[in-house]
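Trainee:
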Ligand SMILES: Nc1ncnc2c1ncn2[C@@H]1O[C@H](COP(=O)(O)OP(=O)(O)OP(=O)(O)O)[C@@H](O)[C@H]1O
Ligand SMILES: [Mg+2]
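Residue numbers (the working numbering), protein chains in the order written: chain P, 23 to 511; chain A, 89 to 335.
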């Protein structure tokens, strides 16, 4: 134990920047290294899954083997050796905690350090008037705790790890799993289907407004381990839910793979607000290490007048490949995408959205703010597609890029495919640099250089940040400042 | 005691010498005015005092309360008690005036080893200052200087000054672009800042401001140097005869 504390101290002395880079010293249990049918069976068995689930995974694995890794994104990274990764790692435990009292104190400690209180009484004892947030904590490959379940259950809301949902609500899972992102959708999605180990399942019944914010906190801890989480959120007719995910990982020299799939389903008049604060370890100043964040997120606005709103603040990861999208199937449904993507040093981000308008009178709004610093590359890639049967579609897209250094790159790649002449599509794009005048103005009011950059960048992102739930907005603002440390000059 | 002491200052901008050997001493309790032709280097001097990077001091010294000012970062100078009112205040989209002011004030307080000011106390302070300077409270919620008229921007500079309460205020043409009523309000604001323990350096083209804020010393700056100094009557003389005859 003393050894770990010492190591942590050293790490923070060396880097100082990435606050979450520590390692938790906990015994873990792993699948054998590499990927094979046996590993898929191992994961399924570990989860105590029914036969149908194992079959589903094996089919996905077979499909994945025949697929090619995509190379169209504007990102460069060395070829990933999929046999050099552990696909399952879980903290050792006897039976799985029945209650929070049984959760390993080392884990509780870890989450406390990350600023995520898992003990409900701690949440309640927090600042008066602060909103309650229920948390599902995923540590490497497994969910270690889910809070406020009883209270949510009273409202009829199901909030649990997806592994439990597969056992307890198999019909619901069967009905919706891969209904939005098909198994063969893309290379990383197929891989996820084969090996996903945990994630969150949410169901909000008809007419219920979920009484609190729901969130999942993902933490990668173990070495050489990939994290493949799976999230499925279903909002039944007239339901409302706001969900937030946060992510961090220790600082390591090697790259680690994170390939998640998130599916959202909104039925008639339902609304889902999904927010992400992504702060995976971005690698060091020279581009060594960091997470490969290859994520498929898609929402199906299935019912009429349903609404899905994606808000993301992406500051971490060495490489990000991510396009949270909306399939607007129900007439009158609404899709929104609000994004801030910050890249510094050697980070690369290729991110954006797809808005697929299938229903009549569907509307979408895209606001993307890309901030590039250091030698990073930041690409917005977005598709707005209007099918021929979709009358009176509207889309508004605004893409703004802010350059903090002169060696970085900002790119905007919009695709627009309109097959119905009644559509109204608007696209605006700007690129600007943080000006010397603005910096000096802030500095001459007492802000140091980094505070000045953070202030200007936060102003630039205002239109997006205001869509984050209040409880997280402040944290996200600070994060923007931290991510850009050392970026000036 | 001398608050600001500038000796043989030379400043270059983009490899061109703009300030060419300037001496200036301001004591606590004094108000000095600098007048001079366009391009004489007045703003360059003001920006150099505040510490702008791209203004290179090639020779000379600036001391503030006995400290070597040139060794300090811009924000440290603010902490020490220097404020620059900009000739052209800068717009910062997305940042509300209130948030900007609060961040500024708390940064300065932290530099001075004080606790952050509570939100309630801060609001009280800002509302009072805005009222003194007759600024519409709604402007506090707007983004810093974005879409402000020329006069509104100058008034905003004054609100910032009075919230930060500096020891030395350098006001670069704060009177330009103000209507007659606003000029009077701004002058009252400057006079309120005038105390035994503060000093003010006004850069202006107009005698009118100086009739409201009576300076102790008036300097004439031409081509990077102070060529003449005198009492407040010098400003009147300049207005009558122009720079060619006086300097
Ligand atoms: N960044 C720059 N690059 C080149 N020349 C500059 C730069 N900044 C200032 N100058 C030049 O320095 C000279 C002095 O400018 P400064 O703004 O100090 O004048 P001023 O006395 O304040 O004039 P005004 O009364 O018009 O405000 C001008 O000739 C100006 O063009
Ligand atoms: Mg000037």
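Cβ coordinates follow ideal geometry from the N, Cα and C atoms, glycine included.
Can you tell me the Cα-Cα spacing of residue 46 (chain P) and residue 239 (chain P), whole angstroms?
Mentor: About 15 Å.
Trainee: Under 8 Å, Cβ to Cβ, is there at least one residue of chain P near residue 195 (chain A)?
Mentor: Cβ-Cβ to chain P under 8 Å: yes for residue 195 (chain A).
Trainee: Can you tell me where the beta strand (DSSP E) with residue 143 (chain A) in it begins and where it stops?
Mentor: That run of the beta strand (DSSP E) goes 143-152.
Trainee: What span of residues does the beta strand (DSSP E) with residue 17 (chain P) cover, start to end?
Mentor: No statement about residue 17 (chain P) is possible, as the shown extent of chain P runs from 23 to 511 and does not include it.
Trainee: Please state the DSSP three-state secondary structure of residue 523 (chain P).
Mentor: Here chain P has residues from 23 to 511 only, and residue 523 (chain P) is not among them.
Trainee: I need the DSSP call for residue 206 (chain P), collapsed to helix, strand or coil.
Mentor: Here residue 206 (chain P) sits in coil by DSSP.
Trainee: Does the separation of the CB atoms of residue 251 (chain P) and residue 282 (chain P) fall below 8 Å?
Mentor: In this structure, residue 282 (chain P) lies closer than 8 Å to residue 251 (chain P) by Cβ.
Trainee: How big is the Cα-Cα spacing for residue 150 (chain P) and residue 156 (chain P)?
Mentor: The predicted position of residue 150 (chain P) is uncertain, since its pLDDT is 38 and thus under 50; a value taken from the coordinates is nonetheless stated next. Spanning the two alpha carbons is a distance of roughly 16 Å.
Trainee: So is the beta-carbon of residue 261 (chain A) under 7 Å away from any non-hydrogen atom of ligand 2?
Mentor: Under cutoff, so the answer is yes.
Trainee: Rounding to the nearest angstrom, what Cα-Cα distance links residue 248 (chain P) and residue 276 (chain P) in this structure?
Mentor: Approximately 12 Å, taken between the alpha carbons.
Trainee: Any heavy atom of ligand 1 closer than 7 Å to the Cβ of residue 127 (chain A)?
Mentor: Yes; taking the cut-off as 7 Å, the Cβ of residue 127 (chain A) has a heavy atom of ligand 1 nearer than that.
Trainee: Can you grab the Cα-Cα spacing for the pair residue 453 (chain P) / residue 425 (chain P), in whole Å?
Mentor: Taking the straight line joining both Cα atoms gives about 8 Å.
Trainee: Is the CB-CB distance between residue 523 (chain P) and residue 393 (chain P) below 8 Å?
Mentor: This structure leaves residue 523 (chain P) out entirely; chain P is present only between 23 and 511.
Trainee: Per DSSP, residue 156 (chain P) forms a beta bridge with which residues?
Mentor: Residue 156 (chain P) pairs with P:236.
Trainee: From residue 308 (chain A) to residue 265 (chain A), what distance separates their C-alpha atoms?
Mentor: Answer to the nearest angstrom: the Cα atoms are 22 Å apart.
Trainee: By how many angstroms is the C-alpha of residue 202 (chain P) removed from the C-alpha of residue 189 (chain P)?
Mentor: Distance between the alpha carbons of residue 189 (chain P) and residue 202 (chain P): 21 Å.
Trainee: Report the three-state DSSP secondary structure of residue 290 (chain A) (helix, strand or coil).
Mentor: Residue 290 (chain A) falls in the strand class under three-state DSSP.
Trainee: For the segment 239-267 of chain A, enumerate the residues whose C-beta is nearer than 8 Å to any C-beta of chain P, in chain order.
Mentor: Against chain P - using a Cβ distance shorter than 8 Å - the residues of the segment 239-267 of chain A are 248 and 252.
Trainee: Any heavy atom of ligand 1 within a distance shorter than 7 Å of the CB on residue 132 (chain A)?
Mentor: Yes, Cβ of residue 132 (chain A) sits closer than 7 Å to a heavy atom of ligand 1.
Trainee: At the 8 Å Cβ level, is residue 481 (chain P) part of the contact set with chain A, yes or no?
Mentor: Yes, because at least one Cβ of chain A sits closer than 8 Å to the Cβ of residue 481 (chain P).
Trainee: If residue 132 (chain A) sits next to residue 107 (chain A), beta carbons under 8 Å apart, how far is it from one beta carbon to the other, in whole angstroms?
Mentor: About 6 Å separates the two Cβ atoms, so the contact holds.
Trainee: So, residue 324 (chain A) versus residue 295 (chain A), is the Cβ gap smaller than 8 Å?
Mentor: Yes.
Trainee: Going by C-alpha distance, which of P:419, P:352, P:337 and P:338 is nearest residue 375 (chain P)?
Mentor: Checking every option, the nearest Cα to that of residue 375 (chain P) belongs to P:419.
Trainee: Tell me the DSSP secondary structure of residue 348 (chain P) in three-state form.
Mentor: Residue state, collapsed to three classes: strand.
Trainee: In whole angstroms, what is the alpha-carbon distance linking residue 201 (chain A) and residue 194 (chain A)?
Mentor: Residue 201 (chain A) and residue 194 (chain A): Cα-Cα distance of roughly 10 Å.
Trainee: Which whole-angstrom value describes the C-beta separation of residue 172 (chain A) and residue 258 (chain A), a residue pair presumed to lie in contact below a C-beta threshold of 8 Å?
Mentor: That pair is a contact at about 5 Å.
Trainee: List, in order along the chain, the chain P residues whose C-beta lies closer than 7 Å to that of residue 157 (chain A)?
Mentor: The premise fails here: residue 157 (chain A) is roughly 13 Å from chain P at the closest Cβ pair, so nothing lies under 7 Å.
Trainee: Using a threshold of 7 Å, is the CB atom of residue 104 (chain A) nearer than that to any non-hydrogen atom of ligand 1?
Mentor: True, at least one ligand heavy atom lies under 7 Å from that Cβ.
Trainee: Buried or exposed: where does residue 368 (chain P) fall if 16 or more other Cβ atoms within 10 Å of its Cβ makes it buried?
Mentor: So residue 368 (chain P) ends up on the buried side.
Trainee: Within 10 Å of its beta-carbon, does residue 207 (chain A) have 16 or more other beta-carbons around it, so buried, or fewer, so exposed?
Mentor: Result: exposed.
Trainee: Comparing the C-beta of residue 134 (chain A) with each C-beta of chain P, is any distance below 8 Å?
Mentor: Closer than 8 Å: no.
Trainee: Can you give me, in chain order, the residues of the segment 169-180 of chain A that have a beta carbon less than 9 Å from any beta carbon in chain P?
Mentor: Result list: 170, 171, 172, 174, 176, 177, 178, 179 and 180.
Trainee: Which residues in chain A have a C-beta closer than 7 Å to the C-beta of residue 466 (chain P)? List them in chain order.
Mentor: Within 7 Å Cβ-Cβ: 138, 162, 166 and 172.
Trainee: What residues of chain A sit near residue 478 (chain P), judged by a beta carbon separation below 7 Å?
Mentor: The answer, in chain order, is 180.
Trainee: Is the CB-CB distance between residue 53 (chain P) and residue 110 (chain P) below 8 Å?
Mentor: Against a cut-off of 8 Å, the Cβ pair of residue 110 (chain P) and residue 53 (chain P) comes out as a contact.
Trainee: Report the neighbours of residue 458 (chain P) on chain A: residues whose CB is nearer than 8 Å to its CB, in chain order.
Mentor: Near residue 458 (chain P) (Cβ distances below 8 Å), the residues of chain A are 141 and 142.
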